[in-house]
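Taking the numbering used here, the leading residue of the sequence shown gets 19, the next gets one more, and so forth. No residue lacks a Cβ here, since even glycine has one placed at the ideal position from N, Cα and C. I have placed the structure first, in the form of structure tokens, so that the comments after it can refer back to it.
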Amino acid sequence: MTTTTTTTTTPSTHERSGARTDDLHLLSVLESGLPAQLGTVDEPATYTVPIVVSRQVTPGERARLEDPETARRLAVRTGTRQNGESLRLVVSDRRLLIENTTLDELRDGLADALSTMLQEMGDDLRSESSDRAAVAQSRAVEEQRRVAAVHAAVAAIHFE
Numbered sequence: 019m020t021t022t023t024t025t026t027t028t029p030s031t032h033e034r035s036g037a038r039t040d041d042l043h044l045l046s047v048l049e050s051g052l053p054a055q056l057g058t059v060d061e062p063a064t065y066t067v068p069i070v071v072s073r074q075v076t077p078g079e080r081a082r083l084e085d086p087e088t089a090r091r092l093a094v095r096t097g098t099r100q101n102g103e104s105l106r107l108v109v110s111d112r113r114l115l116i117e118n119t120t121l122d123e124l125r126d127g128l129a130d131a132l133s134t135m136l137q138e139m140g141d142d143l144r145s146e147s148s149d150r151a152a153v154a155q156s157r158a159v160e161e162q163r164r165v166a167a168v169h170a171a172v173a174a175i176h177f178e
């Protein structure tokens, strides 16, 4: 069995938006991971679509992606999953498994919504990281001041 992936010639949301190159982004549908029944009378109503992602997912990204609230917001944003099984996102190695969806839903807006969500997630995580770094820097400066004040207090004591 050969592994096949699909590629597109149209620019992705990642390319159109100017997202950072280190952001996690979607690359392609892993065709070999799709159900063999697609295009037959036995085609399931929904199924898992494996998407290849650009790099290994970080623990923070995984937590956000697999949070049921993320899938719920995507379903609301795209108008999918009004009835039936809930959309679900699962990270597996360098794949994002989109459970309870279809290729049609992805084509009709879910793929763009996922790309946008990944860019927003990258922006949020960078902002949070920057905030943590600023707090750490502030604490380090305050600690330097404290050490300097203690040193000055010790230096001012003379034993005669």
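Return helix, strand or coil for Leu42, following the three-state DSSP convention.
-> Numbered from 1 along the sequence shown, position 24 holds the residue referred to as residue 42. In this structure, Leu42 counts as coil in the three-state DSSP scheme.
Quickly, what does DSSP pair Val108 with across the bridge? List them, please.
-> For this step, residue 108 is matched to residue 90 along the sequence shown. Answer by DSSP bridge pairing, in chain order: Leu115.
What's the gap between the Cα of Ala129 and the Cα of Glu161?
-> Counting from one through the sequence shown, the residue named residue 129 turns up at place 111. Counting from one through the sequence shown, the residue named residue 161 turns up at place 143. Rounded to whole angstroms, Ala129 to Glu161 spans 48 Å at the Cα level.
Taking buried to mean at least 16 other C-beta atoms within 10 Å of its own C-beta, is His169 buried or exposed?
-> Position 151 of the sequence shown, counting from 1, holds the residue named residue 169. Exposed: under 16 other Cβ atoms inside 10 Å.
Who does Pro68 pair with in a DSSP beta bridge?
-> Position 50 of the sequence shown, counted from the first residue, corresponds to residue 68. Answer is Leu115.
Run through DSSP, which three-state label would Leu83 get?
-> Taking the sequence shown and counting its residues from 1, one reaches residue 83 at position 65. Three-state result, Leu83: helix.
Cβ-based neighbour list, Leu124, same chain, cut-off 7 Å, excluding 5 preceding and 5 following = Here residue 124 refers to the residue found at position 106 of the sequence shown. Val67, listed in sequence order.
Going along the chain, which residues of its own chain have a beta-carbon closer than 7 Å to the beta-carbon of Pro53, five neighbours each way excluded?
-> The sequence position of residue 53 within the sequence shown is 35, counting from 1. Excluding residues within five positions, the ones whose Cβ falls inside 7 Å are Pro62 and Tyr65.
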